[in-house]
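Report on one structure; see the data block that follows.
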Ligand SMILES: NC(=O)c1ccc[n+]([C@@H]2O[C@H](COP(=O)([O-])OP(=O)(O)OC[C@H]3O[C@@H](n4cnc5c(N)ncnc54)[C@H](OP(=O)(O)O)[C@@H]3O)[C@@H](O)[C@H]2O)c1
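Residue numbers (this note's numbering): 441 to 805.
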């Protein structure tokens with residue numbers, strides 16, 4: 441008999457999430473039936489989509505939605521061998537039983553030395569979002585200029601790097617000077633701190649006086665209202681996210697898009713990465729190849745957020761780049777928690793952002 445620990449949404453978020461919005465519960469899992477397998481979560485991801493999706497799809501008392509890398513610990517399903525790793529969409533649980541539907545085995549070409557947490561980041565859903573958003577929605581071409589916001593994030597950092605690899609000029613912006621320095625390291629041609637520039641309008645003009653062919657929009661709101669005026673004629677805008685609005689209780693009002701859309705003959709398209717579920721393997725293969733090949737040349741970097749031990753410990757705090765933050769701050773940003781092992785490889789990687797935890801890990805052991 442295995443006891444699973446699960447995090448339940450006790451109360452829908454109002455504004456920013458709080459620890460009291462969650463409850464840790466224990467569930468006894470039954471024995472496996474034929475065709476089933478038992479899995480143990482090794483990495484859990486916390487992503488911005490959880491804000492709008494929890495509001496739309498969850499009721500209070502449900503297990504929190506989320507994706508994990510999980511190890512198969514027992515199997516009565518011949519398609520899944522014990523010891524293999526999969527990406528699952530089973531929410532915040534330490535253990536769970538599956539009939540195999542919806543599980544994605546890590547590609548067989550995944551090197552042992554590559555952190556499996558990347559299957560939730562650069563080589564996972566955020567990387568695929570960047571890949572399909574750039575190639576299918578923006579239809580980026582070599583020689584073009586690409587603008588991306590929330591550029592140091594899980595999606596934005598891959599957008600910038602793929603656009604560079606694809607022969608584009610890349611402009612990114614982020615909310616701190618450290619992140620801007622990180623973008624420069626990633627190879628962005630221009631990067632600025634949108635919180636400290638005196639005028640966003642001027643900063644966008646200075647970074648690309650001729651304007652932008654592609655705008656990969658992760659933020660929405662005021663930023664996008666300014667950026668749309670900097671598009672070139674026939675520019676393409678991929679509306680990926682609207683993180684500036686996810687915590688609003690009162691909807692924002694903004695300038696309307698029609699005039700620049702008409703006069704510049706723009707194309708603006710919203711998308712959800714699951715549209716390309718049938719091409720997931722292709723995208724993941726391409727991302728894995730880039731990570732392995734390009735990284736060897738010392739060009740590509742990825743952001744890895746680490747948490748040794750309990751991902752969601754009540755009252756725990758995390759130290760990020762010297763700044764102490766509560767774990768629930770990270771519901772606003774992409775975090776990969778590593779509850780169990782294999783931390784040293786990632787800690788040894790240069791140029792990744794890390795955080796170390798200061799909270800009690802005993803609840804997971
Ligand atoms: N359409 C899809 O299928 C799809 C898939 C994945 C993600 N997304 C969306 O893509 C966006 C980025 O996701 P991600 O996983 O890359 O996120 P992430 O790694 O968690 O990065 C999020 C970053 O957004 C910035 N941000 C937060 N609040 C903001 C605000 N009020 N105004 C401006 N910037 C803000 C912060 O960076 P700074 O410090 O730089 O401000 C934050 O670190 C999100 O909107 C997410 O919902 C969409």
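Glycine is no exception: its CB is placed at the ideal position from the N, C-alpha and C atoms.
task = Tell me whether residue 743 is buried or exposed, calling it buried when 16 or more other Cβ atoms sit within 10 Å of its Cβ.
result = Within the chain shown, numbered from 1, the residue matching residue 743 stands at position 303. Its pLDDT being 40, under 50, residue 743 is placed unreliably in this model, and the coordinates cannot settle the point.
message = So, with DSSP's three-state summary, where would you put residue 762?
response = Reading the chain shown from its first residue, position 322 is the one you call residue 762. In this prediction, residue 762 scores a pLDDT of 34, lower than 50, which makes its location untrustworthy; the coordinate-derived value is nonetheless stated afterwards. Three-state result, residue 762: coil.
ask   = Per DSSP, residue 725 forms a beta bridge with which residues?
value = Within the chain shown, residue 725 is the residue found at index 285, counting from 1. None; residue 725 has no bridge partner.
task = Check whether the Cβ of residue 489 lies closer than 7 Å to any heavy atom of ligand 1, and answer yes or no.
result = Taking the first residue of the chain shown as position 1, residue 489 is located at position 49. Yes, ligand 1 has a heavy atom inside 7 Å of this Cβ.
inquiry  = Please tell me whether, using a cut-off of 7 Å, the distance from the CB of residue 506 to the nearest non-hydrogen atom of ligand 1 is below it.
reply    = As a working mapping, residue 506 is identified with position 66 in the chain shown. Residue 506: no, Cβ never under 7 Å from ligand 1.
ask   = Under 7 Å from any heavy atom of ligand 1, does the C-beta of residue 711 make it?
value = The residue you call residue 711 lines up with position 271 of the chain shown. Within the cutoff, so yes.
task = Tell me where the beta strand (DSSP E) around residue 467 begins and ends.
result = Locating residue 467 in the chain shown gives position 27, counting from the first residue. 462-469 is the extent of the beta strand (DSSP E) around residue 467.
ask   = Is there at least one non-hydrogen atom of ligand 1 closer than 7 Å to the beta-carbon of residue 592?
value = Within the chain shown, the letter at position 152 stands for residue 592. At least one heavy atom of ligand 1 is nearer than 7 Å to the Cβ of residue 592, so yes.
inquiry  = Which same chain residues end up closer than 8 Å to residue 454 when comparing Cβ atoms and leaving out the 5 residues on each side of it in sequence?
reply    = For the purposes of this step, residue 454 is taken as the residue at position 14 of the chain shown. Excluding sequence neighbours, residue 454 sits near 689.
task = Excluding the 5 residues preceding and the 5 following residue 603 in the sequence, name in chain order all residues of the same chain whose CB lies nearer than 7 Å to its CB.
result = Working through the chain shown from its first residue, we reach residue 603 at position 163. Once the five neighbours on either side are set aside, the close Cβ partners of residue 603 are 574, 580, 586, 610.
query = What are the residues that DSSP puts in a beta bridge with residue 677?
reply = Taking the first residue of the chain shown as 1, we reach residue 677 at position 237. Bridge partners of residue 677: 655, 708.
key: Straight-line Cα distance separating residue 490 from residue 465   = Here residue 465 refers to the residue found at position 25 when the chain shown is read from its first residue. Here residue 490 refers to the residue found at position 50 when the chain shown is read from its first residue. In a straight line, the C-alpha of residue 465 is about 20 Å away from that of residue 490.
message = Comparing C-alpha positions only, which one of 630, 530, 474 sits nearest to residue 601?
response = By 1-based counting over the chain shown, the position of residue 601 is 161. Considering only alpha carbons, the answer is 630.
key: For residue 509 and residue 731, the rounded distance between their alpha carbons   = Position 291 of the chain shown, counted from the start, is the residue given in the question as residue 731. Position 69 of the chain shown, counted from the start, is the residue given in the question as residue 509. So the alpha carbons of these two residues sit roughly 18 Å apart.
request  = Give me whichever residues DSSP pairs with residue 693 in a beta bridge.
outcome  = Within the chain shown, residue 693 is the residue found at index 253, counting from 1. DSSP, once it has assigned bridges, lists no residue as partnering residue 693.
key: Residue from 675, 669, 687 with nearest C-alpha to residue 705   = As a working note, residue 705 is residue 265 in the chain shown. Of 675, 669, 687, the residue nearest in Cα terms is 675.
query = For residue 666, which of helix, strand or coil comes out of DSSP?
reply = Here residue 666 refers to the residue found at position 226 when the chain shown is read from its first residue. Residue state, collapsed to three classes: helix.
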